[in-house]
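Novice:
Number of protein chains: 2
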Amino acid sequence: MALIDQLAQEFEVSIATVSRALNDKPGVSKELRDRIVARARELDYTPNFTARSLASSRTFNIGYFVREKPNLVLQQDPFYYEIQHGIEAVTARSAYHLSVATLTYSHIRKPSEFRPVSERRIDAMILAGPDIPTEFVMAMLKTSLPVVIVDNRLANTAVNSVNCDDEGGAYHAAQHLIRLGHRQIGVIAGPLAWASSARRLRGYTQAAQEAGLRLHILHEQETSLESGESALRRLYEAHPEITAIAAVNDAMALGAMRAAAQLGLRVPDDLSVIGFDNIAWGAMNHPTLTTMNIPKVQMGKEAAMRLLAVLEDPELMPSEIVVPVQLVERESTALRKEVNGQ
Amino acid sequence: MALIDQLAQEFEVSIATVSRALNDKPGVSKELRDRIVARARELDYTPNFTARSLASSRTFNIGYFVREKPNLVLQQDPFYYEIQHGIEAVTARSAYHLSVATLTYSHIRKPSEFRPVSERRIDAMILAGPDIPTEFVMAMLKTSLPVVIVDNRLANTAVNSVNCDDEGGAYHAAQHLIRLGHRQIGVIAGPLAWASSARRLRGYTQAAQEAGLRLHILHEQETSLESGESALRRLYEAHPEITAIAAVNDAMALGAMRAAAQLGLRVPDDLSVIGFDNIAWGAMNHPTLTTMNIPKVQMGKEAAMRLLAVLEDPELMPSEIVVPVQLVERESTALRKEVNGQ
DNA sequence: AGTAAAAACGTAAACGCTTACGTATTTAAC
DNA sequence: GTTAAATACGTAAGCGTTTACGTTTTTACT
């Protein structure tokens, strides 16, 4: 493997000059620089990043750290993988490489022992997951490494963040149902502690208020398919006049559709159902699920781009990025049938 | 941040002694070593990994590189994410960190410009995906870095690999149907070029031969849910006597179930269906899908463990690891109904 | 007590770059 | 043509460790 010395010897110049030539720094004549660069390509010379890091105290590594879900059976949420792909798409076109790790409870407890940071392996980091404690984020900010948090919001703290527009998305979802003529709308919500659920609920409520409607809201303790099933049954029992359901996520929406089928309700003829997330199986279900798409890949891209921007200009103030969610209209929603002229 | 000099000064010894104490190398009295280690913990001293790497020429980084799917719309296959989690689970307990990247066409074309390697950022790597060209793997082997390939097999080349037992799994799947009394079994296969499909098909065939049965095999050009639908329709048209379906993957199995419902066939009463993969949606479908589970997380673990083993002992010869797949019995398969005493 | 071997520690040279500073050479300005 | 300011390059000191090779001290053995 070629080293910088070799190039220096070939051109009978110092390694400092070669370094300057290769790094686009001033102090080298254009003619010499071009020849050095050309020869470097020929030799497939790539600077040893370890040596470069030590000398420049930059690793050109960024970390992507996802909080493991303590409550989730399915540890590996594809949501964060799609975000990872967005991040990769951006870093691949930069000088930076991506280092990943799962944030466990022990890391959270002892941030000072979080090795990617304590060993100074990274120049900046993306922290993903709603359940990263504020204290941990604070500890990371104190390292003075640039930080972007994704799918997480911190009140009263200046930190770069990327989130989807839960409230606006839910607002549009409800409007979609209202535009289709539905006036008796049931909402299947998650636990109150789940912040996204709360925000989405606000969006639904806002749209309903503007249309002069009152929603039939049901809170579940979980956000699983099964809880969606039971939610629909209870909702329908209490309010058989309901013609549309808005669920705070796709899993619950799919559960609601399943329960509806068991009750003899046809979707979308008797009941329209809209979800939130746009998970893969929504498109495979029968009927396919109308939902609000969260642009996960884009969220990853935004996070990575923001990080690179801060790396470029450390003076940059933190910003909160909110990406819009889009309606994906599929089979599970339809015009309300005008039964009995009601 | 504490540096090694600080420790050396505190104890009035040379940094060499501190380094030896911290790295469990001989040449330090037990008493001094213990005091140094204790004090290092107190100070949260962590050696700067960049300096350590440069001096020891080891990065303590391993790479996980997944081949992007040129043909797949859904670039981010959760399959490889689960493998990533398995890898992480192992590396988290080791001194190594995980660096990820997507293998694009341009990397494949010019392996010498693959930066994680050319910049010497990693000590070893895991290559995942069936469509990594042999030449690329060869190029990586030539770097003399330890390599493990996952979900990929190379003929006539000694290389560490981790794969699932396609053939054995399919054999068991077919046996499951046969044990349930089915004798007219349809097989929904993928394109001939897809190696996994071919191996699974061999497993089905083997079991059938042993039971003295002849399968009704249909090859599709794709492996999507839609092609599973059309496959079932054609299969049922040609062979209405079929009472069970074995599909080479879950997506096609789910498609077959959907088509069956449209034909008025009840699953599992009229038709048993078994898949392969155990994708998440299979458990949410109605009825839930019986399938063969590929232990993806374990595959990741095996790959990482193998890599660590080779890193420990570079003399270790390459080995081919095959992990078993297990039957996940759910609702979509049942005993064949004895119609007309047939 | 004397000697050899083992253990404990120090010295200093790497590792392969970047970069502050110094020197020589060119260009620009009058 | 002289002087000042750019420009081009060289020198050498890092960056924070590891480790080969010395040197000194302790241990073991006769």
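If you read the protein sequences in the order shown, they are chains A and B. Everything in the first sequence is counted per our numbering, starting at 521 for the first residue and increasing by one. Everything in the second sequence is counted per our numbering, starting at 521 for the first residue and increasing by one. We treat Cβ as the ideally placed atom computed from N, Cα and C, and that holds for glycine. No experiment lies behind these values; they were computed from the predicted model shown.
Leaving out five residues on either side along the sequence, give the residues of the same chain with a beta carbon under 6 Å from the beta carbon of L647 (chain A).
Specialist: Correct list, in chain order: F585 and I669.
Novice: Is there a Cβ from chain B that is less than 7 Å from the Cβ of N568 (chain A)?
Specialist: Closer than 7 Å to some Cβ of chain B, the Cβ of N568 (chain A) qualifies, so yes.
Novice: With 7 Å as the C-beta to C-beta threshold (strictly closer), list the residues of the segment 638-651 of chain B near chain A in chain order.
Specialist: Against chain A - using a Cβ distance shorter than 7 Å - the residues of the segment 638-651 of chain B are S638, E639, R640 and R641.
Novice: By DSSP's criteria, A758 (chain A) is part of a beta bridge. Which residues make up the other side?
Specialist: For A758 (chain A), which the question treats as bridged, DSSP gives no partner whatsoever.
Novice: Tell me which residue opens and which closes the alpha helix (DSSP H) that H736 (chain A) is part of.
Specialist: Not the alpha helix (DSSP H): H736 (chain A) falls in the beta strand (DSSP E), residues H736 to H739.
Novice: If contact means a Cβ-Cβ distance below 7 Å, which residues of the segment 758-784 of chain B contact chain A?
Specialist: Correct list: L774 and R778.
Novice: In whole angstroms, what separates the C-alpha of L774 (chain A) from that of G795 (chain A)?
Specialist: Going from the Cα of L774 (chain A) to the Cα of G795 (chain A) covers about 8 Å.
Novice: Cβ of V682 (chain A) within 7 Å of Cβ of A823 (chain A)?
Specialist: Contact: yes.
Novice: Beta-carbon within less than 8 Å of S573 (chain B)'s beta-carbon, same chain only, minus the 5 sequence neighbours each way: which residues are those?
Specialist: For S573 (chain B), where only same-chain residues beyond five positions count, the Cβ hits under 8 Å are T579 and F580.
Novice: Below 8 Å between beta carbons is the criterion; list the residues of the segment 799-812 of chain A that meet it against any residue of chain B, in chain order.
Specialist: Here the close residues are A800, W801, M804 and H806.
Novice: In angstroms, rounded to a whole number, what distance separates the CA positions of V657 (chain B) and E851 (chain A)?
Specialist: Spanning the two alpha carbons is a distance of roughly 45 Å.
Novice: Which same chain residues end up closer than 7 Å to R559 (chain A) when comparing Cβ atoms and leaving out the 5 residues on each side of it in sequence?
Specialist: The residues are L527 and E530.
Novice: Are the beta-carbon atoms belonging to A767 (chain B) and A776 (chain B) less than 7 Å from one another?
Specialist: Yes, Cβ-Cβ distance for A767 (chain B) and A776 (chain B) is below 7 Å.
Novice: Looking at C-alpha atoms only, which residue of A:T725, A:T622, A:S744 and A:A675 is the closest neighbour of A803 (chain B)?
Specialist: Nearest option by C-alpha distance: A:S744.
Novice: Would you mind reading off the limits of the alpha helix (DSSP H) that contains G688 (chain A)?
Specialist: D686 to R699 is the extent of the alpha helix (DSSP H) around G688 (chain A).
Novice: Look at the alpha carbon of S577 (chain A) and the alpha carbon of V538 (chain A), and state the distance between them as a whole number of angstroms.
Specialist: Going by the C-alpha atoms only, they are around 19 Å apart.
Novice: Please report the straight-line C-alpha distance between D554 (chain A) and R641 (chain A), rounded to a whole angstrom.
Specialist: Cα to Cα, the separation comes out at about 33 Å.
Novice: Could you tell me the alpha carbon to alpha carbon distance between A536 (chain B) and S614 (chain B), rounded to whole angstroms?
Specialist: For A536 (chain B) and S614 (chain B), the distance between alpha carbons rounds to 24 Å.
Novice: Since L564 (chain A) meets chain B, which of its residues come closer than 8 Å, beta carbon to beta carbon?
Specialist: Before going further, note that residue 564 (chain A) is Asp rather than Leu in the sequence given. Neighbours of D564 (chain A) on chain B, chain order: S632, E633 and S638.
Novice: Kindly list the residues whose CB is nearer than 8 Å to the CB of M837 (chain A), restricted to its own chain and excluding five residues on each side of it in sequence; keep chain order.
Specialist: Same-chain partners within the cutoff: A678.
Novice: Starting from F599 (chain A), trace the alpha helix (DSSP H) in both directions and tell me its first and last residue.
Specialist: Segment P598 to T611, the alpha helix (DSSP H) holding F599 (chain A).
Novice: Could you say which of A:K589, A:T811, A:E835 and A:M660 lies nearest to V848 (chain A) if we only look at CA atoms?
Specialist: Selected option, being the one with the closest Cα: A:T811.
Novice: Kindly indicate which residue of A:R587, A:A609 and A:D643 has the alpha-carbon position closest to the one of S626 (chain A).
Specialist: For S626 (chain A), the nearest C-alpha among the options comes from A:R587.
Novice: Look at the alpha carbon of Q595 (chain B) and the alpha carbon of W714 (chain B), and state the distance between them as a whole number of angstroms.
Specialist: Interpretation of Q595 (chain B) is limited by its pLDDT of 46, a score under 50 that renders its predicted location unreliable; the figure taken from the coordinates is listed afterwards. So the alpha carbons of these two residues sit roughly 18 Å apart.
Novice: Comparing the C-beta of E608 (chain A) with each C-beta of chain B, is any distance below 7 Å?
Specialist: Yes, E608 (chain A) lies at the interface with chain B (some Cβ there is under 7 Å from its Cβ).
Novice: If you pair each beta-carbon of the segment 720-739 of chain B with each one of the segment 840-847 of chain B, do three or more pairs fall below 8 Å?
Specialist: No, they do not touch.
Novice: Please check if any C-beta of chain A sits within less than 7 Å of the C-beta of A571 (chain B).
Specialist: Yes, its Cβ sits closer than 7 Å to a Cβ of chain A.
Novice: Within 7 Å (strictly less), CB to CB, does P598 (chain A) reach chain B?
Specialist: Chain B, which has a Cβ nearer than 7 Å to the Cβ of P598 (chain A), makes this yes.
Novice: In chain B, which residues lie with their C-beta within 9 Å of the C-beta of S619 (chain A)?
Specialist: Simply N581, H617, L618, S619 and V620.
Novice: Can you tell me whether H702 (chain B) is helix, strand or coil according to DSSP?
Specialist: It is coil, neither helix nor strand.
Novice: Give every residue of the same chain whose Cβ lies closer than 6 Å to the Cβ of T808 (chain A), excluding the five residues on either side of it in the sequence, and list them in chain order.
Specialist: Within the same chain, T808 (chain A) has close Cβ partners R850 and E851.
Novice: Output needed for H617 (chain A): all residues of its chain with C-beta closer than 6 Å, excluding positions within five of it in sequence on either side, in chain order.
Specialist: Answer for H617 (chain A): N581, listed in chain order.
Novice: Residue ranges of each alpha helix (DSSP H) run of no fewer than 4 residues wholly in the segment 525-569 of chain B, ordered along the chain?
Specialist: Segments of the alpha helix (DSSP H) lying fully in the segment 525-569 of chain B: 535-542 and 550-562.
Novice: For a test of the three-state rule: what should DSSP assign to I646 (chain A), helix, strand or coil?
Specialist: Of the three classes helix, strand and coil, the one that applies to I646 (chain A) here is strand, per DSSP.
Novice: When the Cα of D465 (chain B) is compared with those of B:Y756, B:H605, B:T763 and B:P546, which residue comes out closest?
Specialist: Absent from the structure is residue 465 (chain B), since the part of chain B shown begins at 521 and ends at 862.
Novice: Is the number of C-beta pairs between the segment 623-639 of chain B and the segment 603-614 of chain B that are closer than 8 Å three or more?
Specialist: No: fewer than three Cβ pairs fall under 8 Å.
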